[in-house]
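If you count by the numbering used here, then the sequence shown holds residues 32 to 125, one letter each, in order.
All C-beta atoms in this analysis are idealised placements derived from N, C-alpha and C, irrespective of residue type, glycine included.
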Amino acid sequence: MKVIAVDDQFVNAKGKPMDTVPLVMMAATKIGERQGQELYKEMQKRGWDVKESAVMEITANELDTARRRTTGSMDALKAAGFPEKQIYQVPTKI
32 MKVIAVDDQF VNAKGKPMDT VPLVMMAATK IGERQGQELY KEMQKRGWDV
82 KESAVMEITA NELDTARRRT TGSMDALKAA GFPEKQIYQV PTKI
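Shown next, in the form of structure tokens:
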């Protein structure tokens, strides 16, 4: 059987990546960065005061792709000037 992994790399019983299984990934960090940039632009377009706004970052940190995307998004928001103390992480699983 031929297998291709998408987004999450297969690991063997010792937890090492299985290099013999091809891995196809998306640029999750870049997608997240673009998302954060667009979120900030949308806030500005709507005239939202950054001092009176907050972000609820819904996370699934156990999933590498999701973690990369949300990290990229929040990094871009902070780079645009959104205060880190107004970003609240909320896990999808408690």
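Spatial distance of residue i from residue j (CA atoms)
| i | j | result |
| --- | --- | --- |
| lysine 82 | glycine 112 | 11 Å |
| glutamine 75 | lysine 45 | 49 Å |
| arginine 49 | glycine 103 | Looking at the sequence itself, residue 49 is methionine, so the reference to arginine does not match. Looking at the two C-alpha atoms, the distance is approximately 26 Å. |
Buried versus exposed, by CB contacts within 10 Å (16 or more), residue i
| i | result |
| --- | --- |
| arginine 100 | buried |
| glutamate 69 | exposed |
| glutamate 73 | exposed |
| serine 84 | exposed |
| tyrosine 119 | exposed |
| glutamate 64 | buried |
Residue from the options with nearest C-alpha to residue i
| i | options | result |
| --- | --- | --- |
| aspartate 95 | Lys109, Pro114 and Phe41 | Phe41 |
| leucine 108 | Pro48, Val52, Val55 and Lys61 | Lys61 |
| valine 52 | Asp39, Ala59 and Glu64 | Asp39 |
| valine 121 | Gly103, Glu88 and Ala97 | Glu88 |
Helix, strand or coil at residue i according to DSSP, with G and I counted as helix
| i | result |
| --- | --- |
| glutamine 120 | strand |
| methionine 74 | helix |
| methionine 49 | coil |
| asparagine 89 | The amino acid occupying residue 89 in the given sequence is isoleucine; asparagine does not appear at that position. Here isoleucine 89 sits in strand by DSSP. |
Residues that residue i bridges to, as DSSP identifies them
| i | result |
| --- | --- |
| valine 37 | Val55 |
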